[in-house]
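K.L.:
Number of protein chains: 2
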Amino acid sequence: MTAIGIIATLRVQPGKEEAFEGVFAELAAAVNANEAGNSFYKLFRTEAAGVYKVMECYDNEAAVEAHRASEHFRSLGAKLGPCLAGAPEIEKLTGA
Amino acid sequence: MTAIGIIATLRVQPGKEEAFEGVFAELAAAVNANEAGNSFYKLFRTEAAGVYKVMECYDNEAAVEAHRASEHFRSLGAKLGPCLAGAPEIEKLTGA
Numbered sequence: 001m002t003a004i005g006i007i008a009t010l011r012v013q014p015g016k017e018e019a020f021e022g023v024f025a026e027l028a029a030a031v032n033a034n035e036a037g038n039s040f041y042k043l044f045r046t047e048a049a050g051v052y053k054v055m056e057c058y059d060n061e062a063a064v065e066a067h068r069a070s071e072h073f074r075s076l077g078a079k080l081g082p083c084l085a086g087a088p089e090i091e092k093l094t095g096a
Numbered sequence: 001m002t003a004i005g006i007i008a009t010l011r012v013q014p015g016k017e018e019a020f021e022g023v024f025a026e027l028a029a030a031v032n033a034n035e036a037g038n039s040f041y042k043l044f045r046t047e048a049a050g051v052y053k054v055m056e057c058y059d060n061e062a063a064v065e066a067h068r069a070s071e072h073f074r075s076l077g078a079k080l081g082p083c084l085a086g087a088p089e090i091e092k093l094t095g096a
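In structure tokens form, the structure reads like this:
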């Protein structure tokens, strides 16, 4: 079993930071409550205004797929989209 | 209490990957066993040969300082150093 790490960089439109953080908190709670294959899912602010990074860790590829297919990711992701200034940048990593 | 996230990028010399990963596994075990203020500490391989990223999360700044001052970080860090191809690149993040 090889863990999968993801670092997602999200750029939020000026003035939408609070709305973004609020919806993301709902998403993180849903991930923690419903995804047995996820071991870490947390939003961080970077030093650049409006730029956030999400650190994520999954037990395996199936757990990543389950995350992306989940109702909470689809419904809350749809609410996050209008806050963003562009497409998320996703870096995928492999547990060592 | 504001969580602190760290993404550390480490470049390992060719041929030293296995030694590096072995020492890092000892370090991660020591962090998990001894640092109550750390909630995540995991090594990942990136897509670039010899380039690793560590995802770290601490409860607060004091927990980061306790990590850096710990005997396990100092002693095992000294063993990791000779495997590296340059200084680690550290990105510090703030929990949102």
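As they're listed, the protein sequences go chains A and B. The first sequence begins at 1 in UniProt numbering and counts up one residue at a time. The second sequence begins at 1 in UniProt numbering and counts up one residue at a time. Backbone N, C-alpha and C define an ideal beta-carbon position, used for all residues, glycine too. The model shown is predicted, which means the values in this text are computed figures rather than measured ones.
1. Note down, in chain order, each residue of its chain lying with its Cβ closer than 8 Å to the Cβ of A/GLU21, except the 5 sequence neighbours on either side.
2. Would you kindly work out how many angstroms separate the C-alpha atoms of B/SER39 and A/ASN38, rounded to a whole number?
3. Does B/ARG11 get closer than 8 Å to chain A when you measure Cβ to Cβ?
4. Enumerate in chain order the residues of its own chain whose CB-to-CB distance from A/ALA8 is below 6 Å, with the five nearest sequence positions on each side excluded.
5. Can you tell me whether A/THR46 is buried or exposed, with buried defined as 16 or more other CB within 10 angstroms of its CB?
6. Use the C-beta contact count for B/GLY86: other C-beta atoms within 10 angstroms, 16 or more gives buried, fewer gives exposed.
7. Would you say A/GLU61 lies against chain B (beta-carbon separation less than 8 Å)?
8. Can you check which of these residues, A/LEU93, A/GLY95, A/LYS92, A/LEU80, is closest to A/ARG11 by C-alpha distance?
9. Closest Cβ-Cβ distance between A/LEU43 and chain B: below 8 Å?
10. Taking just the CA atoms, how far does A/GLU56 sit from B/ALA3?
11. Give the DSSP-derived three-state secondary structure of A/LYS16 in the structure shown.
12. So who's on the other strand from A/PHE44, going by DSSP bridges?
13. Who pairs with A/GLY5 in a beta bridge, going by DSSP?
14. Cα separation between A/HIS72 and B/GLU71?
15. Would you grab the beta carbon distance between B/VAL23 and B/LEU84 for me? Rounded to a whole angstrom, and I think it's under 8 Å.
P.N.:
The relevant details are as follows:
1. Answer for A/GLU21: LEU43, listed in chain order.
2. Going from the Cα of B/SER39 to the Cα of A/ASN38 covers about 14 Å.
3. For B/ARG11, the answer is no, since every Cβ of chain A falls outside 8 Å of its Cβ.
4. Closer than 6 Å at the Cβ level, and outside the excluded window around A/ALA8, lie VAL54, PRO88, ILE90.
5. Residue environment: A/THR46 is assigned as buried (16 or more neighbouring CB atoms within 10 Å of its CB, all protein chains considered).
6. So B/GLY86 counts as exposed.
7. No, A/GLU61 lies away from the interface with chain B (no Cβ there is under 8 Å from its Cβ).
8. Nearest option by C-alpha distance: A/LEU80.
9. It does: the Cβ of A/LEU43 has a partner Cβ on chain B nearer than 8 Å.
10. CA-to-CA, the gap between B/ALA3 and A/GLU56 works out to about 15 Å.
11. In the structure shown, A/LYS16 sits in coil (DSSP, three-state: anything other than H, G, I, E or B).
12. Bridge partners of A/PHE44: A/LYS53, B/GLY95.
13. Its beta-bridge partners are A/CYS57, A/LEU93.
14. The straight-line gap from Cα to Cα measures roughly 42 Å.
15. With 8 Å as the limit, B/VAL23 and B/LEU84 do not qualify as a contact, their Cβ atoms being about 11 Å apart.
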